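One structure below.
Residue numbers (the working numbering): 74 to 332.
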């Protein structure tokens, strides 16, 4: 049981309230106005409510570098919190694993946000997802991909799945590397913020609600352009994300607080 049961209960009901308000906002401002087919309306909705969820969860977000204005964003992947954090930085479309659609409440929210759902266990599904990239990039959207294929405890950046880079290399799209890191005033980030291995969502999330504050830092790197081989692109992206991840601990850059 949490050491802060009142805090957990208060934040849990506040979280449910924000979920309800977010869904109502989507219905009133996007769906009923006939604009559900406009991806920018969905990503703007995602950014607006990403900030609200970060506030409820007491996630303090700091940004180093410049968020991409177009193309593909790739990052290491630690937790379901990653989407909340990145959503606050700018409107973007997320590629998520397919089973997130079945998560209570969160599945609805990710669908409203216009997320693309990938069946990672089906190799051919990468082709289908890649085909959905082109119209989004043409519309000026940024697509966020977590090419490790799974989340981790954060000690190292796992190898990237080169297949996810095929449409990027084929079309010559700009790719921006990024890294994310979490810190806690008390507790173990690898066990209490990172969501990986055989963890179960409900107990992990309830424990997360007990944290007084979670500090999240995102560092954006320099864009990669002109690489037409998917395996080479995956290697270069992995090298840069790994370097950014390593730099986060002792970075001398002046971070910018997300408003």
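Every residue, glycine too, gets a C-beta built ideally from N, C-alpha and C.
These figures come from a predicted structure and were not determined experimentally.
- Exclusion of the five residues before and after residue 254 leaves 290 and 321 as the residues of its chain whose Cβ lies within less than 6 Å of its Cβ.
- Nearest to residue 233 by alpha-carbon distance, out of 222, 97, 284 and 197, is 222.
- Per DSSP, the continuous alpha helix (DSSP H) segment holding residue 240 begins and ends at 239-244.
- When C-beta atoms of the segment 299-316 are compared with those of the segment 154-161, fewer than three pairs fall below 8 Å, so the two segments do not count as touching.
- Between the C-alpha atoms of residue 229 and residue 275 there is a straight-line separation of about 26 Å.
- Within the same chain, Cβ atoms closer than 8 Å to the Cβ of residue 85 are found at 279 and 282, the five residues on either side in sequence being excluded.
- Residue pairing for residue 293: DSSP places it in a beta bridge opposite 251.
- Here the alpha carbons of residue 269 and residue 225 stand approximately 5 Å from one another.
- Note: residue 215 is bridge-paired with 144 in the DSSP secondary-structure output.
- Where residue 304 is concerned, the enclosing alpha helix (DSSP H) starts and stops at 303-321.
- Pairing residue 161 with residue 120 gives a Cβ-Cβ distance under 9 Å.
- Exclusion of the five residues before and after residue 258 leaves 285 and 286 as the residues of its chain whose Cβ lies within less than 7 Å of its Cβ.
- If you check the CB distance, residue 148 and residue 266 do not come in under 9 Å.
- Under DSSP, residue 169 forms a beta bridge with 190.
- C-alpha of residue 76 to C-alpha of residue 277: approximately 14 Å in a straight line.
- Here DSSP, grouped into helix, strand and coil, assigns residue 133 to strand.
- Per DSSP, residue 269 is not a residue of any alpha helix (DSSP H), being assigned neither H nor E.
- When the Cα atoms are used, residue 242 and residue 110 turn out to be separated by approximately 27 Å.
- According to the DSSP secondary-structure assignment, residue 288 is paired through a beta bridge with 133 and 256.
- Straight across, the Cα-Cα distance linking residue 300 with residue 312 is about 14 Å.
- When DSSP states are grouped into helix, strand and coil, residue 175 belongs to the helix group.
- The C-alpha of residue 207 lies about 10 Å from the C-alpha of residue 214.
- With a cutoff of 9 Å on beta-carbon distance, residue 297 and residue 248 are scored as near each other.
- A direct Cα-Cα distance of roughly 16 Å separates residue 150 from residue 190.
- Taking all protein chains in view, the Cβ of residue 107 is surrounded by fewer than 16 other Cβ atoms within 10 Å, so the residue is classified as exposed.
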